[in-house]
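Okay, structure first, notes after.
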Amino acid sequence: MAYHSNEPAARSTDLHAIVRIGNGIREVEDAAREVNLAALNAMLSSRRGGDSAVGFRVASAELRGVSSRIAEAMHGLTALVSGMVGEVAQRQRRQRNQACFQRARDKQAHAAGRLSEILGAQEAEMVRLNLSLGLRRRELHLMATRALRLCDLGLSLSRSALIEAAYGGESAPALRQVAEQLAQSIHAVARTLGGVRAEVEEAGA
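Taking my numbering, the leading residue of the sequence shown gets 5, the next gets one more, and so forth.
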């Protein structure tokens with residue numbers, strides 16, 4: 005059976021969708037850096053709070069760790085997306101070649117046998133590329149899901165930081181402000197990463 009560019013596998017590996025996923029990953033990386041900076045600011049603020057802000061300091065330090073792990077996950081996702089872009093470009097070249105061979109076979113009956121062999125090889129390569137892209141999409145979805153779990157941990161830690169800020173003595177108002185900034189930053193990461201996962205799911209539909 006000949007490969008057709010409008011089949012679901014072709015739609016699911018659309019280059020524009022992959023580019024949107026890549027852009028979303030870059031937004032998550034930016035948001036993760038914001039969390040890291042907010043957490044560093046929180047740790048510095050907690051030092052001014054002295055012993056009464058120890059719990060806040062611990063939660064802030066944990067949040068920095070989470071943001072670093074999210075950033076590492078995004079590096080992995082970026083590598084996957086780069087590979088997908090290369091395979092999609094290769095698949096598109098194969099599609100163009102296959103269309104040319106099909107037209108030539110239809111016009112020149114004497115060369116039909118050889119062209120059919122070439123088309124068969126092209127189709128086999130297209131199947132391989134589609135399988136490879138499917139595997140990459142599944143891996144991308146799995147990694148995005150794991151990163152979202154890190155966000156859940158980050159949200160729990162940001163709530164802990166808000167609670168601990170109340171015990172910061174004279175520094176409590178400043179700590180609360182920093183804790184709220186932390187919460188907003190981690191929410192931004194989770195929201196953007198959720199969008200990335202939705203794009204991956206839509207691409208694989």
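Beta carbons: idealized from backbone N, C-alpha and C, even for Gly.
Problem set entry | Classification of T226 by the beta-carbon crowding that lies within 10 angstroms, buried from 16 upward | With the chain running from 5 to 209 in the structure shown, residue 226 is simply not present.
Exercise. Got a sec? Which residues, its chain only, sit under 6 Å from S9 by beta carbon, not counting five neighbours each side?
Worked result: Position 5 of the sequence shown, counting from 1, holds the residue named residue 9. Below a pLDDT of 50, predicted positions are generally treated as unreliable, and S9, at 43, falls in that range; no measurement from the model is reported.
Exercise. In whole angstroms, what separates the C-alpha of S189 from that of N40?
Worked result: Stepping through the sequence shown from its first residue, residue 189 is reached at position 185. Stepping through the sequence shown from its first residue, residue 40 is reached at position 36. Between S189 and N40, the C-alpha separation is close to 9 Å.
Exercise. G158 and L19: beta carbons closer than 8 Å?
Worked result: On the sequence shown, position 154 is the one that residue 158 refers to. On the sequence shown, position 15 is the one that residue 19 refers to. The answer is no: Cβ separation not under 8 Å.
For this session: Could you pull out every residue in the same chain whose Cβ sits closer than 6 Å to the Cβ of R24, ignoring the five residues on either side in sequence?
Result: Sequence index remark: in the sequence shown, residue 24 carries index 20 (1-based). Close CB contacts of R24 within its chain, under the 6 Å cut and outside five residues either way in sequence, are with E203 (chain order).
Exercise. Got a sec? Which residues, its chain only, sit under 8 Å from M47 by beta carbon, not counting five neighbours each side?
Worked result: Walking along the sequence shown from the start, residue 47 turns up at place 43. When the five nearest sequence neighbours on each side are left out, the beta carbons in the same chain lying within less than 8 Å of the beta carbon of M47 are those of R61, S64, A65 and R68, in order along the chain.
For this session: My understanding is that G198 touches L152, with C-beta atoms under 8 Å, so please give their C-beta distance in whole angstroms.
Result: As a first step, residue 198 must be located in the sequence shown, where it is residue number 194. As a first step, residue 152 must be located in the sequence shown, where it is residue number 148. Indeed, because the Cβ distance is near 7 Å, the residues count as touching under 8 Å.
Problem set entry | For L144 and L44, the rounded distance between their alpha carbons | In the sequence shown, residue 44 corresponds to position 40, counting from 1. In the sequence shown, residue 144 corresponds to position 140, counting from 1. Annotation: L44 to L144 spans about 30 Å, alpha carbon to alpha carbon.
For this session: State buried or exposed for V200, treating a residue as buried only when at least 16 other CB atoms are found within 10 Å of its CB.
Result: Translated into positions along the sequence shown, residue 200 becomes position 196. Buried: at least 16 other Cβ atoms inside 10 Å.
For this session: For S120, verify whether its CB is less than 7 Å away from any heavy atom of the ligand ADP.
Result: This structure simply doesn't include the ligand ADP, nor any ligand for that matter.
Problem set entry | Cβ neighbour criterion (16 or more within 10 Å) applied to A128 | For the purposes of this step, residue 128 is taken as the residue at position 124 of the sequence shown. Flag for A128 reads exposed.
Problem set entry | Proximal residues to A6 (C-beta, below 6 Å), its chain only, five neighbours per side dropped | For the purposes of this step, residue 6 is identified with residue 2 of the sequence shown, where counting begins at 1. Residue confidence for A6 is low, a pLDDT of 41 falling below 50, so the modelled location carries little weight; the figure read from the coordinates is stated next. In the same chain as A6, and ignoring 5 residues on each side of it, no C-beta atom comes closer than 6 Å to its own.
Exercise. What's the call for L133, buried or exposed, on a 16-neighbour Cβ count within 10 Å?
Worked result: Sequence index remark: in the sequence shown, residue 133 carries index 129 (1-based). Residue environment analysis places L133 among the buried positions, since at least 16 neighbouring C-beta atoms fall within 10 angstroms of its C-beta.
For this session: Using three-state DSSP, classify Q112 as helix, strand or coil.
Result: Numbered from its first residue, the sequence shown carries residue 112 at position 108. Secondary structure of Q112 (DSSP, three-state): coil.
Exercise. Leaving out five residues before and five after S71 in sequence, what residues of the same chain have Cβ atoms less than 6 Å from its Cβ?
Worked result: Start at 1 with the first residue of the sequence shown, and residue 71 comes out as number 67. Within its own chain, the residues whose Cβ lies closer than 6 Å to the Cβ of S71, once the five positions on either side in sequence are excluded, are A36, V39 and N40, listed in chain order.
Problem set entry | Rounded distance between the beta-carbons of G59 and Y252, thought under 8 Å | The chain is shown from 5 up to 209; residue 252 falls before or after that span and cannot be answered.
Exercise. So, is A83 buried or exposed, given that buried needs 16 or more other C-beta atoms within 10 angstroms?
Worked result: As a first step, residue 83 is located in the sequence shown; it is residue number 79 there, counting from the start. Exposed.
Exercise. So which of G26, H191, M130 and T196 has the shortest CA-CA distance to E91?
Worked result: For the purposes of this step, residue 91 is identified with residue 87 of the sequence shown, where counting begins at 1. The shortest Cα separation from E91 among G26, H191, M130 and T196 belongs to M130.
For this session: Could you name the residues of the same chain whose beta carbon sits closer than 7 Å to that of A176, not counting the 5 residues immediately before and after it, in chain order?
Result: Residue 176 sits at position 172 when you count from the first residue of the sequence shown. For A176, same chain residues with a beta-carbon under 7 Å away, outside a window of 5 residues either side, are A169 and A170 in chain order.
For this session: Going by CA-CA distance only, name the one from A93, D156, R95 and L123 that's closest to A194.
Result: Counting from one through the sequence shown, the residue named residue 194 turns up at place 190. Per the C-alpha coordinates, the member of A93, D156, R95 and L123 positioned closest to A194 is D156.
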